[in-house]
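In my numbering, the protein residues as written are 16 to 411. For each residue, glycine too, the CB sits at the ideal point set by N, CA and C. Right, one structure below, let's go through it.
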Amino acid sequence: MASSHYSEPPLTDHFDDDDDIVQQGGGLAADEDDAIARQGLKSTLKIKSVTKIEKLENTTKIYKKASTKSSKDRPKVADLPEDAKLRWNFMKIRCVDAIGKELPWADLSDAAITELWNGMFDENEEHTVLISSTPYLGKRKATRDEVELFQLIKPLVRNQVLAAEWKTQFALAAIKAVHAEWDRRDLDTPDQRASWVSQMLGPDPRDRHSRNRPFLWRATDSLTWSGQDPNTCGGGLFLGRMVLKVFAEHLSIVGSSTPGALEALGFVPSSKPRGALMLSIQAVNQALEYSLTGKTEIPQGNDKTGHFSKENWGDYERLTTLNGQDYRKPVKRATVFAATINALDDQRWAAIIDAGKSFIGKKDTSERRGRARVGAAPLLEVQESDDEVIQDSMYM
């Protein structure tokens, strides 16, 4: 990728939780942790094939507690007990699959993290490594080890896996996808690139609530497309190549194993990861919006305006006045296309997932506020037209 295409990659915010570890820098996982995770999945697959884990003899459970003092003290996969490391990569896959089914910018609750982790262990296994987010685990009292291990796993899940290894990769993949299109289309000057970006974003390029986004459609991938309604020249909603390239980041995680290996563990990825698809759309939208000048420029400053985050891209409520009365009006950004995506049938989901998988591992051949008052007001009913399902001529 030509370095002149952009200024610097965007960051993904961490979750706003007192127990979480702040996401730093580019959000990439440490090489040490990645190596452990890869080895862990291999070990997990072998272990589950004999349906139990051998107990470590004469071993005390010693591991670091979650800390926020400095980066070197923050939780790492290497801090997990040895028998917990064996399950870590499988846990990553389960967490990404679970959050990918939810609406964009949703959070995995403490209970969900606990259930996803403990669900990897069979009741008949000789040795399990359970966690608990509360003083009680089921009907019994949780042990100190179980509570402390949860406090270590929680920030690893939320900040390393979901922020660094999932959402941040969406934002980075989107920038690469935009730049690859510039190269594929031989758009060599800022003016050429800016004109194409504006076309792809539609008539309201900076309106993050707009549903008129040509880049969503396969029809606009054609080098001959020149601004006409995509639905009249082939359609293909949610099959635009830039969206699929970003969506492939999600698919590569939930399918990151040898064929059939995860199925042997009783795991089958979601066939309708609606949240992952919506986030993919938003990531491409952001990359294009930041490229409207013909060069990708991430907003600078300490207000996090350049982050791929819930604050910038999530739904919110704003205050509106009707007949002298203040109301809270829902404003959609993340769920602009929720009604249409929720209406997709099995055939269309299969087409989107298959098309996304075709981009896994592929590289392009050429890479040249007043919200405090809002919460006190009554909610204004949303107009039904806001949720009208977009029709696709490709399936009509």
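Item, Value
"Terminal residues of the alpha helix (DSSP H) in which LEU303 lies", "289 to 304"
"Between the CA atoms of GLU130 and PRO150 - distance to the nearest angstrom", "15 Å"
"Continuous beta strand (DSSP E) stretch holding GLN340: start and end", "340 to 346"
"Identity of the residue in ILE367, ASP360, ILE368, PHE352 nearest VAL404 by Cα", "PHE352"
"Straight-line Cα distance separating GLU332 from LYS260", "31 Å"
"Bridge partners - ARG333, DSSP secondary structure assignment", "LYS344"
"Cβ-based neighbour list, GLY290, same chain, cut-off 8 Å, excluding 5 preceding and 5 following", "ILE114, GLY115, LYS116, GLU117, LEU118, PRO119, ALA121"
"Helix, strand or coil at THR320 according to DSSP, with G and I counted as helix", "coil"
"CB contact check: THR320 to chain E, cutoff 9 Å", "As a matter of chain content, chain E is missing from the structure shown, which is built from one protein chain."
"Buried or exposed (CB count within 10 angstroms, at least 16 for buried), THR320", "exposed"
"Those runs of the beta strand (DSSP E) which lie wholly inside the segment 134 to 212 and span at least 3 residues", "none"
"Assigned secondary structure, LEU252 (DSSP; H/G/I helix, E/B strand, else coil)", "strand"
"Alpha-carbon to alpha-carbon, ILE108 and PRO306", "Per the sequence shown, the amino acid found at residue 306 is Ser instead of Pro. For SER306 and ILE108, the distance between alpha carbons rounds to 32 Å."
"Opposing strand residues paired with TRP103 [DSSP bridges]", "Answer by DSSP bridge pairing: none, since TRP103 is not bridged."
"LEU177, buried or exposed, once every other Cβ within 10 Å from all chains shown has been counted against 16", "buried"
"Beta-carbon proximity list for GLN214, same chain, < 7 Å, skipping 5 on both sides", "PRO229, GLY242"
"Inter-residue CB distance, HIS224 and LYS344 (contact presumed, cutoff 8 Å)", "So it is not a contact: roughly 12 Å between Cβ atoms."
"Residue burial classification, ASP360 (beta-carbon count within 10 angstroms, cutoff 16)", "exposed"
"Among ALA276, PRO220, ARG226, LEU254, the one whose alpha carbon lies nearest that of THR235", "LEU254"
"Distance between beta carbons of LEU252 and LEU231, contact taken as under 8 Å", "6 Å"
"Span of the alpha helix (DSSP H) around ILE368", "361 to 372"
"When PRO288, GLN406, THR308 are compared against PRO220, the one with the closest alpha-carbon", "THR308"
"LYS191, buried or exposed, once every other Cβ within 10 Å from all chains shown has been counted against 16", "buried"
"Within 9 Å, strictly: CB atoms of LEU292 and ILE375", "no"
"Cβ neighbour criterion (16 or more within 10 Å) applied to SER295", "buried"
"Buried versus exposed call for LEU266 [16 or more other C-beta atoms within 10 Å across all chains shown]", "buried"
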